[in-house]
Amino acid sequence: LASIAAILAAGGFSNVVVMAGAGVSVSAGIPDFRTPGTGLYDNLQEYGLPYAEAIFDLDFFRSNPKPFYRLCKELWPGRFKPTAAHRFMRLLQDKGLLLRVFTQNIDSLESSAGVLPDNLVAAHGNFDSARVVGNGKAVPIAEVQQAVKAGEPGWQKLNAQYGGLVKPDVVFFGEALPHRFFECVRQDFPKCDLLIVMGTSLVVQPFASLVSEVRPGTTRLLLNRERVGEDSFGFFGKASNGFDF
């Protein structure tokens with residue numbers, strides 16, 4: 015870690031790509047998803063879900079939107095402050111070293127830290143925009159925030175107003191990732207000279223496979239509680255090149 019920091023300080027890297035997961039937001043008070051005992055999936059029993067991941071399942075949302083709207087109220091941006099990890103991303107940007115941040119997180123703390131929209135790819139969406147499920151009609155996010163804050167009467171009224179369930183543009187299981195994600199992967203990873211992977215289990219695909227997309231010999235730094243990413247598979251049909259510790 016010290017050697018990477020020294021090379022950064024000396025200008026040895028100029029196209030840094032950051033891959034961020036839920037672990038970078040834990041110190042802000044937002045639980046990650048999979049840590050036993052404290053992770054979000056272990057603490058969703060109060061929502062009465064058939065299984066934890068159902069809260070991000072589109073079919074379940076259509077049949078019972080109440081749990082997701084309750085979760086939205088708890089996680090809506092503005093309640094939490096950026097962590098040191100988010101401020102580090104901003105520092106890379108300010109120093110002209112950041113090529114892009116690819117984040118799995120929906121909390122928008124990268125934006126709160128000052129990472130510019132052009133420098134950020136929210137692979138799994140966030141609360142910056144919202145649409146009607148089914149027809150894709152855009153809904154002003156301020157209206158959605160007010161409705162969610164008002165509880166069940168608020169979001170029921172909103173859904174009736176727009177003729178369908180309204181959902182922030184958070185990517186659910188089975189939904190396609192934003193088109194910009196794939197565009198930026200193709201553009202950025204061949205240029206990357208330092209890949210920093212922070213706070214992710216590297217379980218969810220296709221995000222997890224991005225570690226294989228940098229050129230052979232590119233420096234890759236993992237900042238995580240445990241070793242991950244050793245069993246990766248190629249993106250866009252490429253051969254696997256997971257972490258080798």
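For what it's worth, this note's numbering labels the leading residue of the sequence shown as 15, then goes sequentially.
We put the CB at the ideal spot given by N, CA and C, even for glycine.
Since we're looking at a predicted model, the values are computed, not measured.
Notebook entry, point to check: Under 8 Å, do L123 and A42 count as touching if we go by C-beta distance?
Noted result: Stepping through the sequence shown from its first residue, residue 123 is reached at position 109. Stepping through the sequence shown from its first residue, residue 42 is reached at position 28. It is a contact, given that the beta carbons lie within the stated cut-off.
Check: Which partner residues of P81 appear in the DSSP bridge assignment?
Finding: Here residue 81 corresponds to residue number 67 of the sequence shown, with the count starting at 1. Paired residues: none, contrary to the question.
Check: What separation, rounded to the nearest whole angstrom, lies between the Cα atoms of I155 and R145?
Finding: For the purposes of this step, residue 155 is identified with residue 141 of the sequence shown, where counting begins at 1. For the purposes of this step, residue 145 is identified with residue 131 of the sequence shown, where counting begins at 1. C-alpha separation (whole angstroms): 9 Å.
Next item on the list: May I have the straight-line CA-CA distance separating L179 from F116, to the nearest angstrom?
Entry: Locating residue 179 in the sequence shown gives position 165, counting from the first residue. Locating residue 116 in the sequence shown gives position 102, counting from the first residue. So the two alpha carbons sit approximately 28 Å from each other.
Check: With a Cβ-Cβ cutoff of 8 Å, do N140 and V184 count as a contact?
Finding: Mapped onto the sequence shown, residue 140 falls at position 126. Mapped onto the sequence shown, residue 184 falls at position 170. Contact flag set, yes.
Check: Thinking C-alpha only, which one of L237, K181, R84 and F70 is nearest G165?
Finding: Here the question's residue 165 lines up with position 151 in the sequence shown. Out of L237, K181, R84 and F70, R84 has the C-alpha closest to the C-alpha of G165.
Next item on the list: For A98, I'd like the list of residues in its chain whose CB is within less than 8 Å of its CB, leaving aside the five on either flank, ordered along the chain.
Entry: Position 84 of the sequence shown holds residue 98. Around A98: S41.
Check: Going by other Cβ atoms of all chains shown within 10 Å of its Cβ, with 16 needed for buried, is S215 buried or exposed?
Finding: Translated into positions along the sequence shown, residue 215 becomes position 201. The residue is buried, with at least 16 neighbouring Cβ atoms inside 10 Å.
Checklist line | Three-state class that DSSP yields for D207 in the structure shown | finding: Translated into positions along the sequence shown, residue 207 becomes position 193. Coil at D207, not helix or strand.
Item checked: At least 3 beta-carbon pairs within less than 8 Å: the segment 89 to 108 vs the segment 65 to 75 -> no
Checklist line | Neighbourhood of L237 by C-beta distance below 6 Å, restricted to the same chain and skipping five residues each side | finding: Within the sequence shown, the letter at position 223 stands for residue 237. For L237, where only same-chain residues beyond five positions count, the Cβ hits under 6 Å are M212.
Check: Which residue spans inside the segment 78 to 160 form an unbroken alpha helix (DSSP H) run of at least 4?
Finding: 80 to 89, 98 to 108 and 123 to 126
Checklist line | Limits of the unbroken beta strand (DSSP E) element including A23 | finding: Residue numbering aside, residue 23 sits at position 9 when the sequence shown is read from its first letter. From DSSP, A23 is part of no beta strand (DSSP E) but of the alpha helix (DSSP H) over A16 to A23.
Checklist line | Run of the alpha helix (DSSP H) containing D71, from where it starts to where it stops | finding: Along the sequence shown, one-based indexing puts residue 71 at 57. No alpha helix (DSSP H) holds D71; DSSP gives it neither H nor E.
Check: From L68 to K80, what does the alpha carbon distance come to, in whole angstroms?
Finding: Your numbering for residue 68 matches position 54 in the sequence shown. Your numbering for residue 80 matches position 66 in the sequence shown. Leu is not the amino acid found at residue 68; the sequence shown has Ala there. So the two alpha carbons sit approximately 12 Å from each other.
Notebook entry, point to check: Roughly how many angstroms lie between the CA atoms of S125 and Q59, to the nearest whole one?
Noted result: For the purposes of this step, residue 125 is taken as the residue at position 111 of the sequence shown. For the purposes of this step, residue 59 is taken as the residue at position 45 of the sequence shown. Rounded to the nearest angstrom, the two C-alpha atoms are 30 Å apart.
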